[in-house]
Amino acid sequence: MNKIQNKTTENKLIDPFGRRIEYIRLSVTDKCNLRCFYCLPKGFKDFDVPDDWLTFDEIERVMRAFAEMGVARVRLTGGEPLVRKNISQLIGKLDAIPGINDLSLSTNATLLAKHASDLKKSGISRINVSLDSLRPERFAEITGGSSLQPVIDGLMAAKDAGLTPIKINMVAMKGINDDEFEEMVAFCAEHGFTLRMIETMPVGSTGQEAGKHFLSLQEVKTQLEKRFDLIPSVMSGGGPARYMRVNGTDLKIGFITPLTQHFCETCNRVRLSADGTLYLCMGQNHTYELRPLLRQGISDNELKEKLKEALTLKPKEHHFNDEPGKVVRFMSKLGG
Ligand code: SAM
Numbered sequence: 001m002n003k004i005q006n007k008t009t010e011n012k013l014i015d016p017f018g019r020r021i022e023y024i025r026l027s028v029t030d031k032c033n034l035r036c037f038y039c040l041p042k043g044f045k046d047f048d049v050p051d052d053w054l055t056f057d058e059i060e061r062v063m064r065a066f067a068e069m070g071v072a073r074v075r076l077t078g079g080e081p082l083v084r085k086n087i088s089q090l091i092g093k094l095d096a097i098p099g100i101n102d103l104s105l106s107t108n109a110t111l112l113a114k115h116a117s118d119l120k121k122s123g124i125s126r127i128n129v130s131l132d133s134l135r136p137e138r139f140a141e142i143t144g145g146s147s148l149q150p151v152i153d154g155l156m157a158a159k160d161a162g163l164t165p166i167k168i169n170m171v172a173m174k175g176i177n178d179d180e181f182e183e184m185v186a187f188c189a190e191h192g193f194t195l196r197m198i199e200t201m202p203v204g205s206t207g208q209e210a211g212k213h214f215l216s217l218q219e220v221k222t223q224l225e226k227r228f229d230l231i232p233s234v235m236s237g238g239g240p241a242r243y244m245r246v247n248g249t250d251l252k253i254g255f256i257t258p259l260t261q262h263f264c265e266t267c268n269r270v271r272l273s274a275d276g277t278l279y280l281c282m283g284q285n286h287t288y289e290l291r292p293l294l295r296q297g298i299s300d301n302e303l304k305e306k307l308k309e310a311l312t313l314k315p316k317e318h319h320f321n322d323e324p325g326k327v328v329r330f331m332s333k334l335g336g
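In the numbering used here, the protein residues as written are 1 to 336.
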């Protein structure tokens, strides 16, 4: 009996704090076609070189190893994942891995109109779309000059393709979009989207600089409660959002509060960057390099052992509040 129990846990990924890892955020490129001011600096060009990108076969191999150790969910992210060529091929490969039963994608939706139907066909079930403003001029200011309309077209195409749920991720920022929450609630209610508000995080110089627009979501929630009857709710997805539902409607609003109420104790994830580096925490600098191992011809069993070894490095929590200057890489490296 003991033997069976041991074998069961042996094959799972448990970190030093007893947290079980069952979710991977997979960044397929660090490139992005937007320049949101809180994420990437204007004119930034220092992206990973293609030789350093994991190939689709390499990514599949790592994800298969993870799946054999209990990982069931994978989210593709970036940079902007839809700028990586032939992304649907990769999704098809991941969808075929036994054990992976939830494939999702985070996107800025600028290219979504073209991809939505293929994404759905190749195995993506649900998507998150970043959208901080519904006002074209403001959207352009936030994103470094991009147009809003392709994003709206992408969202409608996603809806038509049957991707569900569609969650809108809105970074709440004082003096930037804090007069727009009700409009965003109305937009999401109209289209059947879920709204998720996010606090700005001090990731990279851009994120640190954006701290001057920091808005506590506790305040935002209080502001929304004056206007809407919010009742506690839940939503599947494995993420850290705390949900409320607008009473009398299906609209759910999620609050992601890494700074005012962090959720590290329930962290269930690690992140793999496009260049094959495993990041054990978004708010810390603990990493483990997989690419050299993959290219040196490591066996599948050795790979699994290495993944377990990497997990021993996972820190207890981020230090965004007490050491906001700690993370110098930009958010586009890991995709949130
Ligand atoms: N391009 C994809 C997208 O737009 O969803 C994936 C990558 S993007 C970096 C992931 C999310 O991180 C977006 O919702 C973006 O708004 C958010 N983000 C970027 N920098 C941030 C920061 N400093 N604080 C909070 N959220 C940030």
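For glycine and all other residues, C-beta sits at the position ideal for the given N, C-alpha and C.
Give the single residue among 136, 153, 155, 57 whose Cα lies nearest to the Cα of residue 146. As a position in the sequence shown, residue 146 is number 146, starting the count at 1. Here the closest residue by C-alpha is 136.
Length-filtered (4 minimum) alpha helix (DSSP H) runs lying within the region 141-213: Annotation note: the region 141-213 contains the following uninterrupted alpha helix (DSSP H) runs of length 4 or greater, listed N- to C-terminal: 149-161, 181-191, 204-209.
Pairwise C-alpha distance: residue 167 and residue 188: Position 188 of the sequence shown, counted from the start, is the residue given in the question as residue 188. Position 167 of the sequence shown, counted from the start, is the residue given in the question as residue 167. Approximately 9 Å between the Cα atoms of the pair.
Name, in chain order, the residues that DSSP records as bridge partners for residue 230. Mapped onto the sequence shown, residue 230 falls at position 230. DSSP, once it has assigned bridges, lists 246 as partnering residue 230.
I believe residue 27 touches residue 333 by the beta-carbon criterion, under 8 Å. Please report the beta-carbon distance rounded to the nearest angstrom. The count along the sequence shown starts at 1 and reaches residue 27 at position 27. The count along the sequence shown starts at 1 and reaches residue 333 at position 333. About 7 Å separates the two Cβ atoms, so the contact holds.
Label residue 87 either buried or exposed according to how many other C-beta atoms from any shown protein chain fall within 10 Å of its C-beta, with 16 as the threshold for buried. Here the question's residue 87 lines up with position 87 in the sequence shown. It counts as buried.
Quick one: which unbroken beta strand (DSSP E) runs of 3-plus residues sit fully inside the region 96-148? Chain order, please. Fully enclosed beta strand (DSSP E) runs of 3 or longer: 102-107, 126-130.
For ligand 1, is there any heavy atom lying closer than 8 Å to the beta carbon of residue 331? Counting from one through the sequence shown, the residue named residue 331 turns up at place 331. Taking the Cβ of residue 331 as the reference point, at least one heavy atom of ligand 1 falls within a distance shorter than 8 Å.
Can you tell me where the beta strand (DSSP E) with residue 25 in it begins and where it stops? Indexing the sequence shown from 1 puts residue 25 at position 25. Where residue 25 is concerned, the enclosing beta strand (DSSP E) stretches over 23-27.
If you follow the beta strand (DSSP E) that residue 289 is part of, which residue opens it and which one closes it? In the sequence shown, the residue the question calls residue 289 occupies position 289. Note, residue 289: beta strand (DSSP E), 287-289.
Residue 122 beta carbon less than 9 Å from that of residue 95: Translated into the one-based positions of the sequence shown, residue 95 becomes position 95. Translated into the one-based positions of the sequence shown, residue 122 becomes position 122. Going by C-beta atoms, residue 95 is nearer than 9 Å to residue 122.
Run through DSSP, which three-state label would residue 2 get? If you number the sequence shown from 1, residue 2 lands on position 2. Note that residue 2 scores 42 on pLDDT, short of 50, meaning its location in the model is unreliable; the coordinates nonetheless yield the value given after this. In this structure, residue 2 counts as helix in the three-state DSSP scheme.
To the nearest angstrom, report how far apart residue 82 and residue 111 are at their CA atoms. Here residue 82 refers to the residue found at position 82 when the sequence shown is read from its first residue. Here residue 111 refers to the residue found at position 111 when the sequence shown is read from its first residue. If you take the alpha carbons of residue 82 and residue 111, they lie about 7 Å apart.
Whose C-beta lies closer than 8 Å to the C-beta of residue 67 among residues of the same chain, with five residues either side of it excluded? Position 67 of the sequence shown, counted from the start, is the residue given in the question as residue 67. Hits under 8 Å: 97, 98, 99, 100.
Does ligand 1 have a heavy atom nearer than 8 Å to the CB of residue 324? Taking the sequence shown and counting its residues from 1, one reaches residue 324 at position 324. Checking every heavy atom of ligand 1 against the Cβ of residue 324, none is found closer than 8 Å.
Does the distance from the CB of residue 154 to the CB of residue 186 come in under 9 Å? Here residue 154 is taken as the residue at index 154 of the sequence shown, counted from 1. Here residue 186 is taken as the residue at index 186 of the sequence shown, counted from 1. Contact flag unset, no.
Cβ shell of residue 316 (< 6 Å), same chain only, five flanking positions each side left out: Position 316 of the sequence shown holds residue 316. The residues are 17.
Cβ of residue 32 within 8 Å of any heavy atom in ligand 1? Start at 1 with the first residue of the sequence shown, and residue 32 comes out as number 32. For residue 32, the shortest C-beta to heavy atom distance toward ligand 1 is below 8 Å.
For a test of your reading of the model: does the CB of residue 275 fall under 8 Å from any non-hydrogen atom of ligand 1? Yes or no. One-based indexing of the sequence shown puts residue 275 at position 275. Not one heavy atom of ligand 1 lies closer than 8 Å to the C-beta of residue 275.
Would you call the region 278-294 and the region 320-332 touching, i.e. three or more CB-CB distances under 8 Å? Of all C-beta pairs linking the region 278-294 to the region 320-332, three or more are shorter than 8 Å, placing the two stretches in contact.
Exposed or buried, residue 149, counting other C-beta atoms within 10 Å across all chains shown (16 or more means buried)? The count along the sequence shown starts at 1 and reaches residue 149 at position 149. Counting the other Cβ atoms within 10 Å of the Cβ of residue 149 gives fewer than 16, which makes it exposed.
Start and end residues, beta strand (DSSP E) containing residue 14: Translated into the one-based positions of the sequence shown, residue 14 becomes position 14. Premise fails: residue 14 is in no beta strand (DSSP E) and is neither H nor E.
Just to confirm my understanding: we take residue 228, look at its own chain, exclude 5 residues before and 5 after, and list those with CB closer than 6 Å. What are they? For the purposes of this step, residue 228 is taken as residue 228 along the sequence shown, with counting starting at 1. Here the set comprises 246.
Using 8 Å as the cut-off, classify the Cβ of residue 266 as near or not near the heavy atoms of ligand 1, replying yes or no. As a first step, residue 266 must be located in the sequence shown, where it is residue number 266. Taking non-hydrogen atoms of ligand 1 into account, the C-beta of residue 266 is found less than 8 Å away from none of them.
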